[in-house]
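These notes concern the structure reproduced below.
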Amino acid sequence: MTNTVQDLDAITADIIALTPKDDAAREALSTQAGVFRFLKDSLETLTAADLNLPDSSKHLQLAITLAKLIAEVAKYEPARQSFAEMKSIPMLVNLHSQSTKHLLSSTAAHPMDELTVQTLRALANLCFDHESNRDIIGELKGAASSVVLPLSSVNSLVIQTACGALVNISMDNEFIQTEMVNADAISLLLKLLDKVDVTPCADEALENAFPSAIRALSNLVEPEIGIAQLIQKNGLVMILGLIKKMHEIVLRPTVSSDEYDRAMNMLDGLAIVLETIGEKESVQREIFVKNQLVILLDFVDHQPTCKHATQTKDDENSDISYFHIRKAMARVVITVTMNDENMKELVQQDSIIARFHSWMICGLNSSTHKVEEDIRMSGALSIGNLARSDATCLKLVEHHRAGSALIALLKLEVDHLRTVGGAYEEAKSSIKVLHAVIGALKNLSLAAAVRPVLGSIGTIERIVSLFEFEHLKPVHYSCIGVLKNLTAGMNDSNVYRLLTGLVPAENTTLANLTAPSSNPISPLGRFVSLIWKATADNDTGIRNEGGRVITNLVRAIHRTKATQFLNILFDFNCIIPLVQIVTGATLTKPNQASPTGDTEFVEDHHVRFDALPIEGQVFPMIQNEGIVALTLICSMHPASTSKIIRFNASLIPTLFQILKSGLAAYTPTDSEVKLSQPLSMDRSTSTSPRSSVLTEPTVYSLQTKTNVCLLLRTLMATEPDFVTRIAPHLKPLIQVLMDNENAEKSIDVLASEAAALSPKHTGDDMIVDDAHVQVKEMLTRTSTFSAKGLTMGVPTRQKLLEQYSGSLDLNDPVFPFKEVLKQLMDILP
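Residues in the sequence shown are numbered consecutively from 353, following the numbering used here.
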């Protein structure tokens, strides 16, 4: 094969003869020596020629033939890289740009149109699944916009090819996407899609351009500028209108197979567009404000019944099926409910909330139970997304009865699991629905006003019923979060329900209720069993959240003076989970009880050294809660002190660590070093690097340190032997703390005197932004998740650290720290 261009007709004939017709021929041609050099030389010759001159027809024909050859060769994947390595892509782009110059002045049909088609084909194939080739085009000035220009042509074949080229060239390339948007690509695509009708277009090429235009649009709305232009051009409303039009086609009982396939192909692309942009707040708001949400709701609620929809090609295993597109539309609905402004308005629309309720029972106890699980999940997620402010939670629970709907779904899902014997695959299938339900209940239960209602409809019993299923472990963490919320504050009835499993009498305080005998299958019994299981599995999240539930129970008992319920806590060994959240150590479950019913422990042998606390297992905020709960238990029931002191091997070093935090210099005594090493039946494990209670230094708040001292004071008040044992280690530490407090007070006095001599601020020199002082309704809350968060399952250690990273700088404690230190020193011998 010659590498020079002398006879244009001969070369054109040679190229036509070379053009491969199948994959084998493409591969064979691509491996021949000199092919890509020949292509480059030919492109160089054509680049030097002016194809728009009247006597350039032979050059034009050669250019068309050459571009067609490149397009065919580029269908073979290795050829795309070989072509790029010859630096030939810029010349191909230049050839394409020459073919589109006439479009700047006229969109009429032109002799250059065939060259435009073939160069677009070549560029599209070169960029198919080839990121580096797309980058080359992106680096060429004007290249991206030159691909957009053919969309303005009146030649339908040019338009069809341009749409396909836009898809391949703009794929996953934000720079090119932005360039194309700036070249008015979205406006041109919307103008094209405006021609889509219920009946197919008579122009076959134009009809074939529609699906490609939709997919090109899905690429171009990935950058923010694309979304903004889509909304500005009213494109989002057009897309949803097109969805409605295609939906009406597939719903026709007499729709033909071709009509059905055409509509489904377009719907698949339109769903991709919506999912691409659905999480943008501007899109969520536009869908709702322009009253387009009903189109999506109707798509989910009304399924086709024609024979084409029921054939195997439209089942859940098909690439393009109503089954998959319907789920995509439901996901878009979920994103609309994530918007804060939409949230406030959606709860006012009874018909829409009713739709979500109906979604939550789709396919239950029927042959479509598994098929409809995504729709049930979507209904629960939508309710959960709307439950992100106290006002909307109240509206959802009291007006829409959303709590009852969620509990009904939870019951039916659990009943189904029991029916199938808790089989792993069935449980695995139900997890995402249960995640959504529990997440929604967790969001609702954050609103204090609705907690009594949620408790009264059986939420606690239904939540606890999930603990019996081993395969639902990813859901259990969120379940405990719901129990924590329901028992927080002044919710005595919910505390009673969790403690006993019984329904409390109306208008009765916890103090006036009778404490029944403990029952292992009561909600509390099953809940504590889950904590023990989490301890065995070293599940940090469940251990910590579970401990917080018990602190709520202790606070409620202390607040109402309902000490008759303490025995239930003791019977279930609830002191141990409290010690665990303070120390981070995993403690073994008691194996036996004494004749009096009191659990027996071997002194100091309760620490499992294969699961000692590691980084991220203790959280200062939760440690403080556990310390307070242990102190309250001792104050209500002094005899319980001995139950707590049994855990001194892990508890006391932790309390000392908290007190020593933040001290500039502190050298422990030999006895303290010995005390800080937990005792074990196997001493060799004490040298493990995991044996540190806190691997990273944490400076605890004064409030937490004060609470530690109060706990130590309470423990020492009733246990003389404990005082004797701890005194040699505690007394030096208390003295250092007191000296440190005196030093800090002196510094504070000097600082106050210096401040008194400083100029006073009058307020005139302060800049205050009005936006920062406006009182606004709280729309999002700590631990409140949107659709994604609701289904996240077991939290990672990082998530736990973020969740429990509340400020440690609390208000001044009720008991002055220095005074509590003095009290401790007075007790010590």
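For every residue, glycine included, the Cβ atom is placed at its ideal position computed from N, Cα and C.
Under the three-state reduction of DSSP, Leu503 is assigned to helix.
Across the structure, Arg473 and Lys410 are spaced so that their CA atoms are roughly 21 Å apart. Setting aside the 5 residues that flank it on each side, Glu631 is surrounded in the same chain by Thr687, each with a C-beta closer than 7 Å to its C-beta; the list follows chain order. In the three-state scheme derived from DSSP, where H, G and I count as helix and E and B as strand, Leu939 is classed as strand.
Thr459 and Ser505 have their C-alpha atoms roughly 5 Å apart. In this structure, the CA atom of Ser703 is about 11 Å from the CA atom of Leu649.
By the Cβ-count criterion, Ile873 is exposed, with fewer than 16 other Cβ atoms from all chains shown falling within 10 Å of its own Cβ.
In the three-state scheme derived from DSSP, where H, G and I count as helix and E and B as strand, Arg432 is classed as helix. With fewer than 16 neighbouring CB atoms inside 10 Å of its own CB, Val641 falls in the exposed class. Counting only residues of its own chain and dropping the five nearest sequence neighbours on each side, Ser797 has a CB closer than 7 Å to the CB of Arg803, Leu806, Val834, Asn837, Leu838. When DSSP states are grouped into helix, strand and coil, Cys553 belongs to the coil group.
Taking a contact to require three or more Cβ pairs closer than 8 Å, the region 669-685 and the region 722-734 qualify as touching. Annotation: the region 861-926 contains the following complete segments of the alpha helix (DSSP H) (minimum length 4 residues), in chain order: 875-888, 892-912, 918-923. DSSP places Met695 in the uninterrupted alpha helix (DSSP H) bounded by 692-698. Counting only the Cα atoms, Ile677 lies some 13 Å from Val723. Short of 7 Å from the beta carbon of Thr628, and not among the five residues preceding or following it, lie these beta carbons of its own chain, in chain order: Ser570, Val573, Glu574.
Out of Asn520, Val469, Pro463, the CA that lies nearest to the CA of Gly490 is found in Asn520. Secondary structure at Gln701: coil, using DSSP grouped into helix, strand and coil.
Distance between Thr468 and Leu716, taken at the CA atoms: about 55 Å.
Residues Ile920, Asp923 of the same chain have their beta carbon placed closer than 6 Å to that of Ser870, with the five preceding and five following residues left out of the count. In the three-state scheme derived from DSSP, where H, G and I count as helix and E and B as strand, Asp374 is classed as coil. The residue from Pro875, Gln384, Leu414, Leu395 with its alpha-carbon nearest to that of Asp359 is Leu414. Counting every other CB atom within 10 Å of its CB across the protein chains shown gives Val749 a total of 16 or more, marking it as buried. By the beta-carbon neighbour count (other beta carbons within 10 angstroms, threshold 16), Leu918 is buried.
Close CB contacts of Thr744 within its chain, under the 7 Å cut and outside five residues either way in sequence, are with Met695, Lys696, Val699, Leu738 (chain order). Counted as a single uninterrupted DSSP element, the alpha helix (DSSP H) harbouring Pro972 occupies residues 972-988.
The beta carbon of Pro605 lies closer than 8 Å to those of Thr657, Cys658 in the same chain, with the five residues before and after it left out. Using a 10 angstroms sphere on the CB of Lys493, the tally of other CB atoms stays under 16, which defines it as exposed. Val766: member of the alpha helix (DSSP H) spanning 754-771, first to last residue.
Out of Ile577, Val906, Lys597, Leu619, the CA that lies nearest to the CA of Ser673 is found in Leu619. DSSP, read as helix, strand or coil, puts Ser718 in coil. Glu631 carries a coil assignment under DSSP once its states are collapsed to helix, strand and coil.
If you draw a 10 Å sphere on the C-beta of Asn864, you find fewer than 16 other C-beta atoms in it, and that means exposed. Look at Pro1049 here: in three-state DSSP terms it is coil, with no helix or strand label. In the three-state scheme derived from DSSP, where H, G and I count as helix and E and B as strand, Leu854 is classed as coil. At a Cβ-Cβ threshold of 7 Å, Ile583 and Thr530 do not count as neighbours.
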